[in-house]
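Single-structure report; data block below.
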Amino acid sequence: MASLDVLVVINPFENAMTRMATHALPSAWMLERSDIRQRPQLIQFAPALVAPLGESKPGWWIVGAIAEQLGLDIFGGETTIESRSELSLYRQLFERARVSFEDLEAAGVYGIETPRMDGWFHTSVLRERGWRLSPPAMIERLEKLEDQPPANVMLVAGRVEYATNSMVFPSAIRRETTPPAIHVSADLCQVNALADGDLVWISSNAGHLDGTVRLDRALKAGTVWMNHGWLGRNVNHLFDTVDVDPLTTQPYFSSVPVALTKLG
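Under our numbering, think of the first position of the sequence shown as 279, with each following residue one higher.
Right, dumping it as structure tokens:
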């Protein structure tokens, strides 16, 4: 990413990405912008508590201003970004909603109770089109899987509690203050003489890393599970960025062949 001619990063805080960027655009943070929260039977509106600091702007304003410079009208109505406000956008979004934005704004943070709409997908979508359980693109890819030789050890990436993507919650409320263990299926632990707490080396065609083992009897045979979003033990080092999924153009984050080696 550092080799790009232009790298635009929108973020309220300075971090590794903003320091790498050619253009760092400061966005309004949580309390500097209004927000809407919707639960199954309640919708709430919370206005901004304080004005954005310095040159910070809400994310929608930044994207809208860039679009305007490119001659694109992303909000409709051929209005300029200077004539737009968050409230005007909310009113536009609520034009087809079951409650009006004026009523929601007047209700304050207590919100408005809304009836549950159980079954709407069945009546509105499935009745007309149904589920496409076997689209041609999926069938074509499933047939190619049979041509791939099975690997002895397959890596799967997932999430742990109190850490979402690259955002890690403060250690005061996080259950684990050290990098989470590498979960290994029972059969792989037996073959490689691994036990809880052992140090293991994982390698793939893309890279390698090490970590502590946790025997996980819930995993399918031949499976290793690691969390993503933890820089101290970054599972991305094991993923190939060249051999990507042709349908989504994304790297493979599951069913990645790896090798295990016990250390120490």
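Don't be surprised by glycine CBs; every beta carbon is placed ideally from N, CA and C.
Under the assumption that residue i contacts residue j (Cβ atoms under 8 Å), give the Cβ distance between them as a whole number of angstroms.
| i | j | result |
| --- | --- | --- |
| SER463 | LYS498 | 6 Å |
| GLN319 | GLU391 | 6 Å |
| ASN505 | VAL438 | 4 Å |
| LEU331 | LEU309 | Between LEU309 and LEU331 the Cβ distance is about 11 Å, and since that is not below 8 Å, they are no contact. |
| ASP465 | TRP479 | Wrong, their Cβ atoms sit about 19 Å apart, outside the cutoff. |
I'd like to check one pair, residue j with residue i: are the Cβ atoms closer than 8 Å?
| i | j | result |
| --- | --- | --- |
| LEU493 | ALA473 | yes |
| GLY389 | GLN322 | yes |
| ALA302 | VAL287 | yes |
| PRO325 | PRO304 | no |
| LEU525 | ARG394 | no |
| THR501 | ALA459 | no |
| SER532 | ALA435 | yes |
| THR300 | VAL284 | yes |
| HIS461 | TRP398 | no |
| VAL373 | PRO336 | Contrary to the premise, residue 373 reads as Glu rather than Val in this sequence. No, Cβ-Cβ distance for GLU373 and PRO336 is not below 8 Å. |
What is the residue span of the alpha helix (DSSP H) that residue i lies within?
| i | result |
| --- | --- |
| THR296 | 294-298 |
| GLN370 | 364-371 |
| ASP381 | 379-385 |
| GLN468 | 464-469 |
Going along the chain, which residues of its own chain have a beta-carbon closer than 8 Å to the beta-carbon of residue i, five neighbours each way excluded?
| i | result |
| --- | --- |
| SER482 | LEU433, LEU516, PHE517, ASP518, VAL534, PRO535, VAL536 and ALA537 |
| TRP339 | ILE359 and ARG362 |
| VAL377 | ILE321, ILE390 and THR392 |
| VAL522 | GLN528, PRO529 and TYR530 |
| ALA329 | GLU310 |
| ALA484 | HIS515, LEU516, PHE517, ASP518 and THR519 |
| LEU371 | PHE379 |
Closer than 6 Å by C-beta to residue i: which residues in its own chain qualify, once you throw out the five before and the five after it? Chain order, please.
| i | result |
| --- | --- |
| GLY542 | LEU477 |
| LEU282 | none |
| GLY510 | PRO457 |
| ALA496 | none |
What residue range does the beta strand (DSSP E) around residue i cover?
| i | result |
| --- | --- |
| ASP518 | Careful: ASP518 lies outside any beta strand (DSSP E) and carries neither H nor E. |
| VAL287 | 286-289 |
| LEU541 | 537-541 |
| LEU487 | 486-493 |
| MET504 | 501-505 |
| LEU472 | Unbroken run through LEU472: none, as it is neither H nor E. |
Below 7 Å CB to CB, which residues in the same chain sit around residue i once its five sequence neighbours on both sides are set aside?
| i | result |
| --- | --- |
| GLY342 | ILE352, PHE353, ILE359 and ARG362 |
| ASP381 | ILE390 |
| ASN293 | none |
| ASN430 | GLY500 |
Quiz item: What are the complete alpha helix (DSSP H) segments, minimum 4 residues, inside the stretch 398-432?
Solution: Counting only runs of 4 or more, we get 414-423.
Quiz prompt | Whole alpha helix (DSSP H) elements within the stretch 323-355, 4-residue minimum | solution = As far as the stretch 323-355 is concerned, its whole alpha helix (DSSP H) runs of at least 4 residues are 337-347.
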